[in-house]
Amino acid sequence: MDNEPTQLAAILRTEEVTKIYRSGSVAVHALRGVDFALYPHEIVVLLGESGSGKSTLLNILGGLDRPSSGRIHFRDRDLTSLDDDALTEFRRAHVGFVFQFYNLVPSLTARENVALVTEIADDPMRPEDALDQVGLSGRLDHFPSEMSGGEQQRVSIARAIAKRPQILLCDEPTGALDSKTGVTVLHALVEANRNHGTAIALITHNVGIRRIADRVIHMADGRITHEDRNATRLSPSEVSW
Ligand SMILES: Nc1ncnc2c1ncn2[C@@H]1O[C@H](COP(=O)(O)OP(=O)(O)OP(=O)(O)O)[C@@H](O)[C@H]1O
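If you read the sequence shown in full-length UniProt numbering, its first letter stands for residue 1, the second for the next number, and so on.
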């Protein structure tokens, strides 16, 4: 399935977003004016050298951080003007996050880790169903220490999709995994995109992964330098890195 995102209204959009981190007299310009849009149903891969601003942009898109200047819109809503409680509510209702190091609670089983999220969501999946969707129905009562890295990452994806978010933001989701295991993780993300139309923005250092995307955004020195559009998306099992 390939989409024509430009014909749809953006689900998330930044306008001239900058981010300056200050510590003492040192100022780091992490973002220098970024205009980015994420469209419903699409998969976007963000590529760029270390320090180019990818994680900063992703965190700002997901309401984990605020820009120094510029605006962010979620559909027609200006997120920049929200107070902290309203921003947290936006995140909770609409955004799933997947990070490189799974962030699972070690003392909870796979099912309980997912339930942590579903218990506070409006219209969640059952944890069992979310885990089934990532191929882990046989691991419901396993603790993180009893699972492989790829399985733990799939639990974190189940946790992210269980609240049926419209947006999934993934920061190096395969960064800690070998490529075969990474493929199973990417499959779980692509399935969420196919089954629920979840828009996905995914940071990676593995350029091979760009082929699973509709669009590839290249960043350097706090800016988007250019964008490529893939004519067709490849299945994760067709890419290698
Ligand atoms: N909390 C922070 N305080 C100060 N500087 C920061 C902070 N977070 C990021 N930076 C700086 O902002 C710049 C952009 O960082 P960012 O993590 O967004 O880059 P990145 O492209 O995601 O890098 P990587 O691929 O290594 O994860 C870097 O120079 C980084 O050192």
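Beta carbons: idealized from backbone N, C-alpha and C, even for Gly.
Problem - C-alpha distance - residue 27 paired with residue 21, whole-angstrom precision - result: Translated into positions along the sequence shown, residue 27 becomes position 27. Translated into positions along the sequence shown, residue 21 becomes position 21. So the two alpha carbons sit approximately 6 Å from each other.
Practice task
Using only the heavy atoms of ligand 1, determine whether one of them is closer than 6 Å to the beta carbon of residue 44.
Solution key: Counted from its first residue, the sequence shown places residue 44 at position 44. Flag unset: Cβ of residue 44 not near ligand 1.
Exercise for the section: Could you tell me whether any non-hydrogen atom of ligand 1 is closer than 6 Å to the CB of residue 30? Expected result: Here residue 30 refers to the residue found at position 30 when the sequence shown is read from its first residue. Within the cutoff, so yes.
Exercise for the section: For the region 192–212 and the region 169–181, state whether three or more C-beta atom pairs, one from each stretch, are separated by less than 8 Å. Expected result: yes
Handout entry: Cβ separation of residue 31 and residue 56, assumed to be a contact under 8 Å, to the nearest whole Å
Key = As a working note, residue 31 is residue 31 in the sequence shown. As a working note, residue 56 is residue 56 in the sequence shown. Confirmed, about 6 Å.
Practice task
Verify the contact flag: residue 53, CB atom, against every heavy atom of ligand 1, threshold strictly below 6 Å.
Solution key: Translated into positions along the sequence shown, residue 53 becomes position 53. Correct: residue 53 has its Cβ closer than 6 Å to ligand 1.
Exercise for the section: Kindly indicate which three-state DSSP category residue 163 falls into: helix, strand or coil? Expected result: Residue mapping note: residue 163 aligns to position 163 of the sequence shown, counting from 1. Coil at residue 163, not helix or strand.
Exercise for the section: List in chain order: all unbroken alpha helix (DSSP H) runs of 4+ residues lying wholly within the region 98–162. Expected result: 110–118, 127–133, 149–161
Practice task
Flag residue 50 as yes when its Cβ comes closer than 6 Å to any non-hydrogen atom of ligand 1, and as no otherwise.
Solution key: Taking the first residue of the sequence shown as position 1, residue 50 is located at position 50. Yes, Cβ of residue 50 sits closer than 6 Å to a heavy atom of ligand 1.
Problem - Opposing strand residues paired with residue 32 [DSSP bridges] - result: Counting from one through the sequence shown, the residue named residue 32 turns up at place 32. BP columns for residue 32 point to 18.
Practice task
Pair every Cβ in the region 142–157 with every Cβ in the region 90–102, then say whether three or more of these pairs are closer than 8 Å.
Solution key: yes
Practice task
Using only the heavy atoms of ligand 1, determine whether one of them is closer than 6 Å to the beta carbon of residue 204.
Solution key: The residue given as residue 204 occupies position 204 in the sequence shown. No, Cβ of residue 204 sits at least 6 Å from all heavy atoms of ligand 1.
Handout entry: Counterpart residues of residue 171 in DSSP-defined beta bridges
Key = As a working note, residue 171 is residue 171 in the sequence shown. Bridge partners of residue 171: 203.
Practice task
Please specify which runs of the beta strand (DSSP E), each continuous and at least 3 residues long, are wholly inside the region 34–84, giving them in chain order.
Solution key: 43–48, 69–74
Practice task
Starting from the C-beta of residue 128, find all residues in its chain whose C-beta is less than 8 Å away, skip the five residues before and the five after it, and write them out in chain order.
Solution key: The residue labelled residue 128 in the question sits at position 128 within the sequence shown. Cβ neighbours of residue 128 beyond the five flanking positions: 111, 137, 140.
Practice task
State the DSSP-derived secondary structure class of residue 225, mapped to helix, strand or coil.
Solution key: As a position in the sequence shown, residue 225 is number 225, starting the count at 1. Note: residue 225 maps to strand in three-state DSSP.
Problem - Beta-carbon proximity check, residue 143 vs residue 109, cutoff 7 Å - result: By one-based count along the sequence shown, residue 143 stands at place 143. By one-based count along the sequence shown, residue 109 stands at place 109. Closer than 7 Å, so yes.
Handout entry: Limits of the alpha helix (DSSP H) - the one that residue 194 falls within
Key = Within the sequence shown, numbered from 1, the residue matching residue 194 stands at position 194. Run containing residue 194: 179–196, per the alpha helix (DSSP H) assignment.
Exercise for the section: Return helix, strand or coil for residue 233, following the three-state DSSP convention. Expected result: Counting from one through the sequence shown, the residue named residue 233 turns up at place 233. It is coil, neither helix nor strand.
Practice task
Report the three-state DSSP secondary structure of residue 87 (helix, strand or coil).
Solution key: Against the sequence shown, residue 87 aligns to sequence position 87. In this structure, residue 87 counts as helix in the three-state DSSP scheme.
Handout entry: residue 210 versus residue 107 - alpha carbon distance
Key = Within the sequence shown, numbered from 1, the residue matching residue 210 stands at position 210. Within the sequence shown, numbered from 1, the residue matching residue 107 stands at position 107. C-alpha separation (whole angstroms): 35 Å.
Practice task
Go to residue 215, then tell me how far its beta strand (DSSP E) extends in each direction, as first and last residue.
Solution key: As a working note, residue 215 is residue 215 in the sequence shown. Element bounds for residue 215: 215–220.
Practice task
Determine the contact status of residue 69 and residue 18, defining contact as a CB-CB distance below 7 Å.
Solution key: Here residue 69 refers to the residue found at position 69 of the sequence shown. Here residue 18 refers to the residue found at position 18 of the sequence shown. For residue 69 and residue 18, yes; Cβs fall inside 7 Å.
Exercise for the section: Return the CA-CA distance between residue 1 and residue 14, expressed in angstroms with no decimal places. Expected result: By 1-based counting over the sequence shown, the position of residue 1 is 1. By 1-based counting over the sequence shown, the position of residue 14 is 14. Confidence in residue 1 is poor, its pLDDT being 45 and thus under 50, which makes the residue's placement too unreliable to answer from.
Exercise for the section: Using a threshold of 7 Å, state whether the C-beta atoms of residue 162 and residue 124 are closer than that. Expected result: Position 162 of the sequence shown, counting from 1, holds the residue named residue 162. Position 124 of the sequence shown, counting from 1, holds the residue named residue 124. Against a cut-off of 7 Å, the Cβ pair of residue 124 and residue 162 comes out as a contact.
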